[in-house]
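Colleague: Take this structure first; my questions come after.
Residue numbers (the working numbering), protein chains in the order written: chain A, 1 to 151; chain B, 152 to 344.
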């Protein structure tokens, strides 16, 4: 067994005696360099172990669920205001849609990378309502009167 | 594990169908792991908690478009990694000591077994971890602290398994160099034992 094999196993945080079996153990017994490398890796593991997992500080859950409630309320407000959205904002969201869809929107891992765009997509899901609002706003009042006919 | 047999995938699917309690259960299951991952990526508890909250808000947002192709852990760690890397980029001035010039030496009067020294070591370690290049740091944390396999880590980072091994190797070498004095103490400790 060569030193490179042993030290590759070590560099990945593996104990060569376990990772490489009897051949690894035999090599370590006869190789001072690899024993030194093993000692260094063991020391690094002890150093890394100094940072143990901790719970978040008190109030974390309260803060999170308050943020979540606030986020939901904001989304509701955005939906109400949607009818007043300017066309440039819609155009930007449409560009986002094209980019996002272009990267296979069905993959959960792609979704994980593109969550910034999800909110824009939610807005686009309500485009019919926006278009209806815009159509109504642009209708000529005289035209309405003409359709309605004489009173 | 196939996505359909992953209990957390099933919880996420239940959530995507409108079961809000399923989201709360996922939050409780994964909260500490996400908080610790983000804390190590960003170097301090406050930033880590802020990032972790945003990760769960993004998970909430993802419900309507969730279609599992991988394990839930892979999906969640990908959100977390992506968000932490964005935060690191955004607050890059805070990490100006990434060039390795930071002082991570232990104070002379402390011993490795001393409680204060442990706190000092922990701080030095956090700074060294958060100072690692983005993908090196993420790969090391995912493999060492979060127990992901090289295959899962590769999926989270969107790189090959070989690239993950290389990232972990380089991260460990960089840490050994940066934490040299602490390493000496740790070696001394093993000799004493």
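Beta carbons are placed, not taken as given, at the ideal position from N, Cα and C, and that holds for glycine.
Less than 8 Å between the beta carbons of residue 228(B) and residue 307(B), yes or no?
Modeller: Contact flag set, yes.
Colleague: Return yes when at least one heavy atom of the ligand SAH lies under 7 Å from the C-beta of residue 33(A), else no.
Modeller: Summarising the ligand content, the structure contains no ligands, and the ligand SAH is consequently not present.
Colleague: Please classify residue 52(A): does DSSP put it in a helix, a strand, or coil?
Modeller: Residue 52(A): coil per DSSP, three-state reduction.
Colleague: Does residue 33(A) come within less than 8 Å of chain B when only Cβ atoms are used?
Modeller: No, residue 33(A) does not count as interfacial toward chain B.
Colleague: Thinking just about the alpha-carbon of each residue, which of 332(B), 316(B), 334(B) and 329(B) is nearest to the one in residue 10(A)?
Modeller: The shortest C-alpha separation from residue 10(A) is found at 316(B).
Colleague: Using a Cβ-Cβ cutoff of less than 7 Å, which residues in the same chain neighbour residue 211(B) once the five nearest sequence positions on both sides are dropped?
Modeller: Answer for residue 211(B): 174, listed in chain order.
Colleague: By Cβ distance, which residues of its chain are closer than 8 Å to residue 280(B), with the 5 residues on each side in sequence left out?
Modeller: For residue 280(B), where only same-chain residues beyond five positions count, the Cβ hits under 8 Å are 191, 192, 194, 288, 291, 292 and 326.
Colleague: Quick one: grab the DSSP three-state call for residue 2(A).
Modeller: Looking at residue 2(A) - three-state DSSP - the assignment turns out to be coil, as it is neither helix nor strand.
Colleague: Just the chain B side, please: which residues come within less than 9 Å of residue 113(A) by C-beta, in chain order?
Modeller: Ordered by position in chain B, the residues that pass the 9 Å Cβ test against residue 113(A) are 229, 230, 233 and 309.
Colleague: In whole angstroms, what is the alpha-carbon distance linking residue 198(B) and residue 166(B)?
Modeller: Rounded to whole angstroms, residue 198(B) to residue 166(B) spans 27 Å at the Cα level.
Colleague: So with CB distances below 8 Å, who are the chain B contacts of residue 47(A)?
Modeller: By Cβ distance, chain B contributes 272, 276, 326, 330, 333, 334 and 337.
Colleague: Taking 8 Å as the CB-CB limit, is residue 300(B) close to chain A?
Modeller: So, not an interface residue.
Colleague: If you run the structure through DSSP and keep just helix, strand and coil, what is residue 169(B)?
Modeller: Looking at residue 169(B) - three-state DSSP - the assignment turns out to be coil, as it is neither helix nor strand.
Colleague: For residue 311(B), count neighbouring Cβ atoms within 10 angstroms of its own Cβ and tell me buried if that reaches 16, exposed if not.
Modeller: So residue 311(B) counts as exposed.
Colleague: Distance, Cα to Cα, residue 18(A) vs residue 41(A)?
Modeller: Near 14 Å, if we compare the C-alpha coordinates of residue 41(A) and residue 18(A).
Colleague: Evaluate the contact criterion for the stretch 206-225 of chain B versus the stretch 63-77 of chain A: three or more CB pairs, one atom per stretch, below 8 Å.
Modeller: Contact between the stretch 206-225 of chain B and the stretch 63-77 of chain A is present, because at least three Cβ pairs lie under 8 Å.
Colleague: With 16 other CB atoms within 10 Å as the buried threshold, where does residue 29(A) fall?
Modeller: Under this definition residue 29(A) is an exposed residue.
Colleague: Measuring alpha carbon to alpha carbon, tell me which residue in 158(B), 276(B) and 164(B) is nearest residue 45(A).
Modeller: Ranking the options by Cα distance to residue 45(A), first place goes to 276(B).
Colleague: Taking C-beta pairs closer than 7 Å, name the residues in chain B that residue 62(A) reaches, listed in chain order.
Modeller: None at all; the shortest Cβ gap to chain B is about 11 Å.
Colleague: I need the DSSP call for residue 58(A), collapsed to helix, strand or coil.
Modeller: The answer is coil: DSSP assigns residue 58(A) none of H, G, I, E or B.
Colleague: Can you find a CB in chain A that lies within less than 8 Å of the CB of residue 269(B)?
Modeller: Yes, its Cβ sits closer than 8 Å to a Cβ of chain A.
Colleague: Please list, in chain order, all residues of the same chain as residue 334(B) whose beta carbon is under 7 Å from its beta carbon, the five residues on each side excluded.
Modeller: Result list for residue 334(B): 327, in chain order.
Colleague: With a floor of 4 residues, list each alpha helix (DSSP H) that falls wholly inside the stretch 304-330 of chain B, ordered by position along the chain.
Modeller: DSSP runs (the alpha helix (DSSP H)) wholly in the stretch 304-330 of chain B: 312-329.
Colleague: Measuring alpha carbon to alpha carbon, tell me which of 320(B), 285(B) and 284(B) ends up nearest residue 301(B).
Modeller: Cα-wise, what sits closest to residue 301(B) is 320(B).
Colleague: Quick check on residue 159(B): buried or exposed, where buried means 16 or more other Cβ atoms within 10 Å of its Cβ?
Modeller: Burial call: buried.
Colleague: To the nearest angstrom, how far is it from the Cα of residue 202(B) to the Cα of residue 22(A)?
Modeller: Cα to Cα, the separation comes out at about 45 Å.
Colleague: When the cut-off is 8 Å and only beta carbons count, does residue 77(A) lie next to chain B?
Modeller: Closer than 8 Å: no.
Colleague: Tell me which residues share the same chain as residue 230(B) and place their Cβ nearer than 7 Å to its Cβ, disregarding the 5 neighbours each side in the sequence.
Modeller: Only 206, 209 and 210 meet the Cβ criterion.
Colleague: For residue 219(B), decide whether its Cβ has a neighbour in chain A, counting only Cβ atoms nearer than 8 Å.
Modeller: Yes, because at least one Cβ of chain A sits closer than 8 Å to the Cβ of residue 219(B).
Colleague: At which residues does the alpha helix (DSSP H) containing residue 298(B) begin and terminate?
Modeller: Where residue 298(B) is concerned, there is no enclosing alpha helix (DSSP H), given that its DSSP letter is neither H nor E.
Colleague: Have a look at 273(B), 298(B), 286(B) and 217(B) and flag the residue whose alpha-carbon is nearest the alpha-carbon of residue 108(A).
Modeller: The candidate whose alpha carbon is nearest that of residue 108(A) is 217(B).
Colleague: Confirm, please, whether the CB-CB distance from residue 50(A) to residue 272(B) is below 8 Å.
Modeller: A contact, by the Cβ cut-off of 8 Å.
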